[in-house]
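Peer 1: Residue numbers (the numbering used here): 1088 to 1288.
Using N, Cα and C, we set each Cβ at its ideal position, and we do this for glycine too.
Below you can see the structure in the form of structure tokens.
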């Protein structure tokens, strides 16, 4: 089997798992019922993964983001960069917090099912991912009009950047979305993800 066909990506799974890697695998099994493909790559340094995701949770809390708002930011980020893995995982999550149609619309660049605060988040995430140097001071106005203060805007931007970093590592190392996502993610969400690495066989 070629590297391109391996669901777990281009890295070999560690021959021996550290305590942190075993904890990562156990958390996956508790959460989703199996060890995720991306976790097999991150098992080489599970502590760094926990630091990255922990920092992401910290800045999201600092911004006062609800789970639904975090979902909006993640989907706007991952669909803009073309990351299928997090789009499918978080598309399923946002489908539960909002609806499958909200997730599918956001993944295809439509914000008409979002409220004004969520639309501001989606617009900002896309700008941060696609052209951060093209952002002008006036581009922050939509966030401010939506009620976010400067400290929250910093935290929101950090959250987007951290999610971008996480997805970039997964995609660069060839991790394919888990096969189970075909059936655990609403079909309308799966159909909306027409980019990135294909779901594993």
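Is residue 1282 helix, strand or coil when you go by DSSP?
Peer 2: By 1-based counting over the chain shown, the position of residue 1282 is 195. In this structure, residue 1282 counts as coil in the three-state DSSP scheme.
Peer 1: Quick check on residue 1159: does DSSP put it in helix, strand or coil?
Peer 2: Reading the chain shown from its first residue, position 72 is the one you call residue 1159. Helix.
Peer 1: Tell me the start and end of each unbroken beta strand (DSSP E) in the region 1202-1275 that is at least 3 residues and wholly inside, in chain order.
Peer 2: For the region 1202-1275, not a single whole beta strand (DSSP E) run of length 3 or above is found.
Peer 1: State buried or exposed for residue 1252, treating a residue as buried only when at least 16 other CB atoms are found within 10 Å of its CB.
Peer 2: Taking the chain shown and counting its residues from 1, the one referred to as residue 1252 is at position 165. So residue 1252 ends up on the exposed side.
Peer 1: Give me the residue from 1176, 1235 and 1166 with the minimum Cα distance to residue 1289.
Peer 2: Past the edges of the chain, shown from 1088 to 1288, lies residue 1289, and the structure says nothing about it.
Peer 1: Compute the distance between the beta-carbons of residue 1286 and residue 1250, then report whether it is under 8 Å.
Peer 2: The residue you call residue 1286 lines up with position 199 of the chain shown. The residue you call residue 1250 lines up with position 163 of the chain shown. Cβ distance not < 8 Å, so residue 1286 and residue 1250 don't count as in contact.
Peer 1: Could you check the C-alpha separation between residue 1144 and residue 1102 for me, to the nearest Å?
Peer 2: Within the chain shown, numbered from 1, the residue matching residue 1144 stands at position 57. Within the chain shown, numbered from 1, the residue matching residue 1102 stands at position 15. Using only the alpha carbons, I get a separation of about 30 Å.
Peer 1: Quick check on residue 1257: buried or exposed, where buried means 16 or more other Cβ atoms within 10 Å of its Cβ?
Peer 2: One-based indexing of the chain shown puts residue 1257 at position 170. Counting Cβ neighbours within 10 Å, residue 1257 comes out buried, since at least 16 surround it.
Peer 1: To the nearest angstrom, how far is it from the Cα of residue 1151 to the Cα of residue 1207?
Peer 2: The residue labelled residue 1151 in the question sits at position 64 within the chain shown. The residue labelled residue 1207 in the question sits at position 120 within the chain shown. Going by the C-alpha atoms only, they are around 15 Å apart.
Peer 1: Which of the three DSSP states, helix, strand or coil, is assigned to residue 1185?
Peer 2: In the chain shown, the residue the question calls residue 1185 occupies position 98. Looking at residue 1185 - three-state DSSP - the assignment turns out to be coil, as it is neither helix nor strand.
Peer 1: How would you label residue 1279, buried or exposed, when you count the other beta carbons within 10 angstroms and need 16 or more for buried?
Peer 2: One-based indexing of the chain shown puts residue 1279 at position 192. Counting Cβ neighbours within 10 Å, residue 1279 comes out buried, since at least 16 surround it.
Peer 1: Using the Cα positions of residue 1178 and residue 1274, report the straight-line distance between them to the nearest angstrom.
Peer 2: Residue numbering aside, residue 1178 sits at position 91 when the chain shown is read from its first letter. Residue numbering aside, residue 1274 sits at position 187 when the chain shown is read from its first letter. Answer to the nearest angstrom: the Cα atoms are 11 Å apart.
Peer 1: Should residue 1159 and residue 1245 be called a contact, given that it needs their Cβ atoms to be closer than 8 Å?
Peer 2: As a working mapping, residue 1159 is identified with position 72 in the chain shown. As a working mapping, residue 1245 is identified with position 158 in the chain shown. No.
Peer 1: Are residue 1247 and residue 1194 touching if we call contact CB-CB under 8 Å?
Peer 2: Locating residue 1247 in the chain shown gives position 160, where the first residue counts as 1. Locating residue 1194 in the chain shown gives position 107, where the first residue counts as 1. Not a contact, by the Cβ cut-off of 8 Å.
Peer 1: What is the rounded straight-line gap between the Cα of residue 1267 and the Cα of residue 1224?
Peer 2: Counted from its first residue, the chain shown places residue 1267 at position 180. Counted from its first residue, the chain shown places residue 1224 at position 137. Residue 1267 and residue 1224: Cα-Cα distance of roughly 43 Å.
Peer 1: Assuming residue 1112 is part of the alpha helix (DSSP H), what are its boundary residues?
Peer 2: On the chain shown, residue 1112 is found 25 positions in, with the first residue counted as 1. Residue 1112 -> alpha helix (DSSP H) spans 1106-1119.
Peer 1: Rounded to whole angstroms, what's the CA-CA distance from residue 1171 to residue 1209? Just pull it up for me.
Peer 2: Sequence index remark: in the chain shown, residue 1171 carries index 84 (1-based). Sequence index remark: in the chain shown, residue 1209 carries index 122 (1-based). Approximately 17 Å between the Cα atoms of the pair.
Peer 1: For residue 1133 versus residue 1095, is the C-beta distance shorter than 8 Å?
Peer 2: On the chain shown, residue 1133 is found 46 positions in, with the first residue counted as 1. On the chain shown, residue 1095 is found 8 positions in, with the first residue counted as 1. No, the Cβ-Cβ distance between residue 1133 and residue 1095 is not below 8 Å.
Peer 1: Go to residue 1144, then tell me how far its alpha helix (DSSP H) extends in each direction, as first and last residue.
Peer 2: On the chain shown, position 57 is the one that residue 1144 refers to. Residue 1144 -> alpha helix (DSSP H) spans 1133-1149.
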